[in-house]
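Novice:
2 protein chains.
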Amino acid sequence: MARINDNYTKLASGYLFPEIARRTKVWSANHPGVQLMRLGIGNTTEALPMVLVDAMKAKLDKLSSRDTYTGYGDEQGDTPLREALKDFYKKHYGVELLADEFFVSDGAKSDAANIQNLFSEDCIVAVQDPAYPVYVDSNVVGGRSTGFQDGQYKGLVYLEGNSENGFIPLPPKQKVDIIYLCFPNNPTGAVATKEQLKAFVDYARENKAVIIFDAAYSSYIEDEELPRSIYEIEGAKECAIEINSFSKNAGFTGVRLGWTVVPHALVCENSEPDVLRGMWNRRQCTFFNGASNIAQAGGLAALSDEGYKACQGLVDYYKGNARIIKEGLESLGIECIGGKNSPYIWAKCPNGMSSWEFFDFLLDKCHVVVTPGAGFGAAGEGYVRVSSYGHRENVEMAIASIKENMR
Amino acid sequence: MARINDNYTKLASGYLFPEIARRTKVWSANHPGVQLMRLGIGNTTEALPMVLVDAMKAKLDKLSSRDTYTGYGDEQGDTPLREALKDFYKKHYGVELLADEFFVSDGAKSDAANIQNLFSEDCIVAVQDPAYPVYVDSNVVGGRSTGFQDGQYKGLVYLEGNSENGFIPLPPKQKVDIIYLCFPNNPTGAVATKEQLKAFVDYARENKAVIIFDAAYSSYIEDEELPRSIYEIEGAKECAIEINSFSKNAGFTGVRLGWTVVPHALVCENSEPDVLRGMWNRRQCTFFNGASNIAQAGGLAALSDEGYKACQGLVDYYKGNARIIKEGLESLGIECIGGKNSPYIWAKCPNGMSSWEFFDFLLDKCHVVVTPGAGFGAAGEGYVRVSSYGHRENVEMAIASIKENMR
């Protein structure tokens, strides 16, 4: 008699985006004909760069001829793409890695969710609060919580972000085993300095903890002093896994392509160097069959000089939106974090409003949809996340509407 | 101090394909200039149908314009593709399912490996012997074995295939919770009849077990009487999950696209209807971000009348190869299973040779590479798997060489 995996029953129901959809739908039904302006979702809106499209069409041409057709590729990704990623890290971050430390995947979300499987069920996990829900939910499914209570999962350690620490918490005081960090952060847009990251790397090395570093928004960093890879911090190869993606620079949210770095040097309490890298290799070979070869052709083009330039053009476009949002909100006296080296603006709700109160206010008075910060964790209460993903004219209209209706 | 997931240490090292590569390399080094003919790997070799290529290029055109660009899709797959899969099942199998029972994925392998996560760690798992290694390995990682001993994983139940049962075992005598079945089978090419599948469905319903049915080769079935979906068996919706793929009919091994059916009606010991479907939905929304939208455009085209015809043309090509292999081997008095409703021929090693002895013989005397059956499980000893994936002229040369050198 088959029985279900009880860990699924410990998951609180996914509340945030369904509830946004519900409130938006009700409002629209009561206000027929009124167009809403959406700054809620972190989903890309601009066209793929032509150099990437051409590369993917060229791959399709190869696949349409028996002389150049290829089937299964390596589960770890095509060698030229892994080599290009290695060269990219060297050129843009000054970071030296080996090509076989890069594992190409179908996106950062899958890897961010699956990586916990490498670790023992009794490992204690720390997450930033607020946080992207996948880190938390995947660890609940992985058996590392006994249940949801008072807005938090029991057994997890929450590293609280707040206006005092600029939403960049210090390493935990107690011992933890796995630490998820995301910089530039989703949802807050905060970016850790080298010194702040070094504190985590030092903590991890002292405690033989492992850092899972989500760098999916690294291409939004413009300040030269800010680290775009955790491996810019000395010693990080011994204690950190880095996850990244082509979603937010190349516009591959729907095309699906990402990568994870597991260095040979990575260790934990009961593993020598190369053990964790070998385990991730085995995991990918068993549970995955490689990213789409078409997407990989696009990714390779994105790492070329021409492709990189085109992708940075896309990034600059969204950053232009972010600037408009940030300046617009700040002109109203609203405190903002992020929006400079990040596509997200984390805006403090004015007049002591809660996340959902400000959400409702912006919806009802300004016809603008944002994301309530409380949906990303208890420490997100009193904030909303404003996303810069959208057409410029819509962003301008939304900010004009907020300015007009909030003065 | 982070600790590794010990279940990975219970995995026996992946021996089969590395060992084939090693022996082949050594042989080639000793015989410079001699061309080997490869009938070993289940990897497609023929060009993608143009109707699919055109559909994927059209999708790329849409992605290259901001007016038609789309980013993240639904984790469960695009609605038109799920609807088309539903219609396909109705039209070709006479099976009525709902569109929301189809979950589009990046391929059958990922789903076959991940599906065990829905079930409790203490569930007892039965697999066919021989079997595709992913069913076994994913369950070892999932904590359902205490280790590898004498060629088998302790805690798993092996349903032995042999020449008496035509490599289609009966349901287990003891109680098990999860049963993996694959028909047309990889590696044996055997195909269960409706009566044989019904015995498993009856067993599962009686014991509240769940069948994981891998139908990745269903498009190779030509006999009208043979079931191409487990849902052709009455009651299967209550007890079976079906996994399938575009890899082996549309040539999408590298493009990556598959699907899994989890019916609303599916139950197990401690779940009502809709619970397991909801859990898989939650699993996919947490651990996956949808299949590539380019691949999905190709999949939708593959299900159109024109696309279906083109894909069946590909299938017929490989089946032509299978016929040549089967007839060639049988003309030498070698007993074969499969090769008619399947791309695989399961050939009994002549003269009492072991799998590896026959492998070495074919390599050395005929310059043909096959896959030793023992690599798929203890019950595969004494057989080799011959794959029909290859260019026709290579298959013909390989069989001519075997005929010439084995007489």
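Chains as they are written, first to last, in UniProt numbering: chain A, 1 to 407; chain B, 1 to 407.
We put the beta carbon where it would ideally sit given N, CA and C, even for glycine.
Since the model is a prediction, treat every value here as computed from it, not as a measurement.
Can you check whether the C-beta of B:PHE287 is within less than 8 Å of a C-beta belonging to chain A?
Specialist: Along the second sequence, one-based indexing puts residue 287 of chain B at 287. Yes, contact with chain A.
Novice: Between which residues of its own chain and B:TYR220 is the CB-CB distance below 7 Å, once the five residues before and five after are set aside?
Specialist: As a working note, residue 220 of chain B is residue 220 in the second sequence. Cβ within range, chain order: PRO184, VAL315, LYS319, ASN341, SER342 and PRO343.
Novice: List, in order along the chain, the chain B residues whose C-beta lies closer than 8 Å to that of A:VAL275?
Specialist: Taking the first residue of the first sequence as position 1, residue 275 of chain A is located at position 275. Under the 8 Å cutoff, chain B gives ILE4.
Novice: Taking the alpha-carbon of B:GLN128 as reference, which of B:ALA379, B:ALA240 and B:HIS391 has the nearest alpha-carbon?
Specialist: Here residue 128 of chain B refers to the residue found at position 128 of the second sequence. For B:GLN128, the nearest C-alpha among the options comes from B:ALA379.
Novice: With 8 Å set as the bound, which would you pick, yes or no: does the beta-carbon of B:GLU269 sit closer than that to a beta-carbon of chain A?
Specialist: Numbered from its first residue, the second sequence carries residue 269 of chain B at position 269. Closer than 8 Å to some Cβ of chain A, the Cβ of B:GLU269 qualifies, so yes.
Novice: Quick one: residues in its chain with C-beta nearer than 6 Å to the C-beta of B:CYS285, no 5 flanking neighbours on either side, listed in chain order?
Specialist: Residue numbering aside, residue 285 of chain B sits at position 285 when the second sequence is read from its first letter. Closer than 6 Å at Cβ, skipping near neighbours: GLU75.
Novice: For A:ALA21, count the other beta carbons within 10 Å of its own beta carbon; 16 or more makes it buried, fewer makes it exposed. Which is it?
Specialist: What you label residue 21 of chain A is simply residue 21 of the first sequence in a count that begins at 1. By the 10 Å Cβ count, A:ALA21 comes out exposed.
Novice: Taking the Cβ atom as the reference point for each residue, do A:LEU156 and A:VAL191 lie within a distance shorter than 8 Å?
Specialist: Looking up residue 156 of chain A in the first sequence gives position 156. Looking up residue 191 of chain A in the first sequence gives position 191. Contact flag unset, no.
Novice: According to DSSP, what are the bridge partners of A:ARG38?
Specialist: Looking up residue 38 of chain A in the first sequence gives position 38. Per DSSP, A:VAL369.
Novice: Output needed for B:CYS349: all residues of its chain with C-beta closer than 6 Å, excluding positions within five of it in sequence on either side, in chain order.
Specialist: By one-based count along the second sequence, residue 349 of chain B stands at place 349. Cβ neighbours of B:CYS349 beyond the five flanking positions: PHE358 and GLY382.
Novice: Which residue spans inside the stretch 285–322 of chain B form an unbroken beta strand (DSSP E) run of at least 3?
Specialist: none
Novice: When you compare only the Cα positions, how much space is there between A:ARG144 and A:ASP177?
Specialist: Translated into the one-based positions of the first sequence, residue 144 of chain A becomes position 144. Translated into the one-based positions of the first sequence, residue 177 of chain A becomes position 177. Their Cα atoms are separated by approximately 12 Å.
Novice: Pull up the DSSP beta-bridge partners for B:GLY254, would you.
Specialist: As a position in the second sequence, residue 254 of chain B is number 254, starting the count at 1. DSSP output for B:GLY254 lists no bridge partner at all.
Novice: By how many angstroms is the C-alpha of B:HIS391 removed from the C-alpha of A:VAL141?
Specialist: Numbered from 1 along the first sequence, position 141 holds the residue referred to as residue 141 of chain A. Numbered from 1 along the second sequence, position 391 holds the residue referred to as residue 391 of chain B. Distance between the alpha carbons of A:VAL141 and B:HIS391 is about 45 Å.
Novice: Assuming A:LYS173 is part of the beta strand (DSSP E), what are its boundary residues?
Specialist: One-based indexing of the first sequence puts residue 173 of chain A at position 173. Neither: A:LYS173 is in no beta strand (DSSP E) and is coded neither H nor E.
Novice: DSSP has B:TRP259 in a bridge; who is on the other side?
Specialist: Position 259 of the second sequence, counted from the start, is the residue given in the question as residue 259 of chain B. For B:TRP259, which the question treats as bridged, DSSP gives the partners B:VAL104 and B:ASN244.
Novice: Going by C-alpha distance, which of A:HIS367, A:TYR135 and A:ALA301 is nearest A:GLY33?
Specialist: Counted from its first residue, the first sequence places residue 33 of chain A at position 33. For the residues A:HIS367, A:TYR135 and A:ALA301, the minimum Cα distance to A:GLY33 belongs to A:HIS367.
Novice: For a minimum of 3 consecutive residues, which ranges assigned as the beta strand (DSSP E) are wholly contained in the stretch 131–191 of chain B?
Specialist: 147–149, 152–154, 157–160 and 178–182
Novice: Compute the beta-carbon to beta-carbon distance between A:VAL53 and B:LEU63, rounded to the nearest angstrom, for a pair I have assumed lies under 8 Å.
Specialist: By 1-based counting over the first sequence, the position of residue 53 of chain A is 53. By 1-based counting over the second sequence, the position of residue 63 of chain B is 63. Correct: roughly 7 Å between the Cβ atoms.
Novice: Under 8 Å by Cβ, that's how I've got A:TYR72 and A:ASN289 pegged, so tell me the actual separation to the nearest angstrom.
Specialist: What you label residue 72 of chain A is simply residue 72 of the first sequence in a count that begins at 1. What you label residue 289 of chain A is simply residue 289 of the first sequence in a count that begins at 1. That pair is a contact at about 7 Å.
Novice: Do the stretch 25–39 of chain B and the stretch 162–170 of chain B touch if we need at least three Cβ pairs shorter than 8 Å?
Specialist: no
Novice: State the DSSP-derived secondary structure class of B:TYR15, mapped to helix, strand or coil.
Specialist: Taking the first residue of the second sequence as 1, we reach residue 15 of chain B at position 15. It is coil, neither helix nor strand.
Novice: What are the boundary residues of the alpha helix (DSSP H) that A:TYR203 is part of?
Specialist: Counting from 1 along the first sequence, the entry for residue 203 of chain A is found at position 203. 194–207 is the span of the alpha helix (DSSP H), which, as asked, contains A:TYR203.
Novice: Do you know whose CA, among B:LEU48, B:LYS57 and B:TYR69, lies nearest A:SER65's CA?
Specialist: Working through the first sequence from its first residue, we reach residue 65 of chain A at position 65. Among B:LEU48, B:LYS57 and B:TYR69, the Cα nearest to that of A:SER65 is on B:LEU48.
Novice: Check the DSSP bridge columns for A:TRP346 and list the partner residues they point to.
Specialist: Here the question's residue 346 of chain A lines up with position 346 in the first sequence. DSSP lists A:ILE337 and A:ARG385 as partners of A:TRP346.
Novice: Comparing the C-beta of B:ILE294 with each C-beta of chain A, is any distance below 8 Å?
Specialist: Taking the first residue of the second sequence as position 1, residue 294 of chain B is located at position 294. Yes - at least one Cβ of chain A is within 8 Å of the one on B:ILE294.
Novice: Considering Cα atoms alone, identify which of A:ILE243, A:THR146, A:TYR308 and A:THR68 is closest to A:HIS92.
Specialist: Here residue 92 of chain A is taken as the residue at index 92 of the first sequence, counted from 1. Nearest of A:ILE243, A:THR146, A:TYR308 and A:THR68 to A:HIS92, Cα basis: A:TYR308.
Novice: Give me the Cβ distance between A:ASP78 and A:GLN296, rounded to the nearest whole Å; I'm assuming they're in contact under 8 Å.
Specialist: On the first sequence, residue 78 of chain A is found 78 positions in, with the first residue counted as 1. On the first sequence, residue 296 of chain A is found 296 positions in, with the first residue counted as 1. Right, the Cβ-Cβ distance comes to about 5 Å (below 8 Å), so this counts as a contact.
Novice: Should B:SER163 be labelled buried (16 or more other beta-carbon atoms within 10 Å of its own) or exposed?
Specialist: Here residue 163 of chain B refers to the residue found at position 163 of the second sequence. Under this definition B:SER163 is an exposed residue.
Novice: In whole angstroms, what is the alpha-carbon distance linking residue 409 of chain B and B:ASP305?
Specialist: Residue 409 of chain B lies beyond the stretch modelled for chain B, which goes from 1 to 407, so this question has no answer here.
Novice: Going along the chain, which residues of the stretch 28–54 of chain B sit with their C-beta nearer than 7 Å to a C-beta in chain A?
Specialist: ASN43, THR44, THR45, GLU46, ALA47, LEU48, MET50 and VAL53
Novice: Between which two residues does the alpha helix (DSSP H) carrying B:ASP360 extend?
Specialist: Residue 360 of chain B sits at position 360 when you count from the first residue of the second sequence. Per DSSP, B:ASP360 belongs to the alpha helix (DSSP H) from 355–361.
Novice: Name the residues in the stretch 351–370 of chain A whose C-beta lies less than 9 Å from a C-beta of chain B; which are they?
Specialist: none
Novice: Out of B:ALA99, B:MET50 and B:PRO130, state which residue places its alpha-carbon closest to the alpha-carbon of B:LEU81.
Specialist: Along the second sequence, one-based indexing puts residue 81 of chain B at 81. That would be B:ALA99, whose Cα lies nearest to the Cα of B:LEU81.
Novice: Looking only at its chain, what residues have a beta carbon closer than 6 Å to the beta carbon of A:ILE124, apart from the 5 residues adjacent to it on each side?
Specialist: By 1-based counting over the first sequence, the position of residue 124 of chain A is 124. The residues are VAL176 and ASP177.
Novice: Taking just the CA atoms, how far does A:LYS208 sit from A:LYS173?
Specialist: For the purposes of this step, residue 173 of chain A is identified with residue 173 of the first sequence, where counting begins at 1. For the purposes of this step, residue 208 of chain A is identified with residue 208 of the first sequence, where counting begins at 1. Looking at the two C-alpha atoms, the distance is approximately 15 Å.
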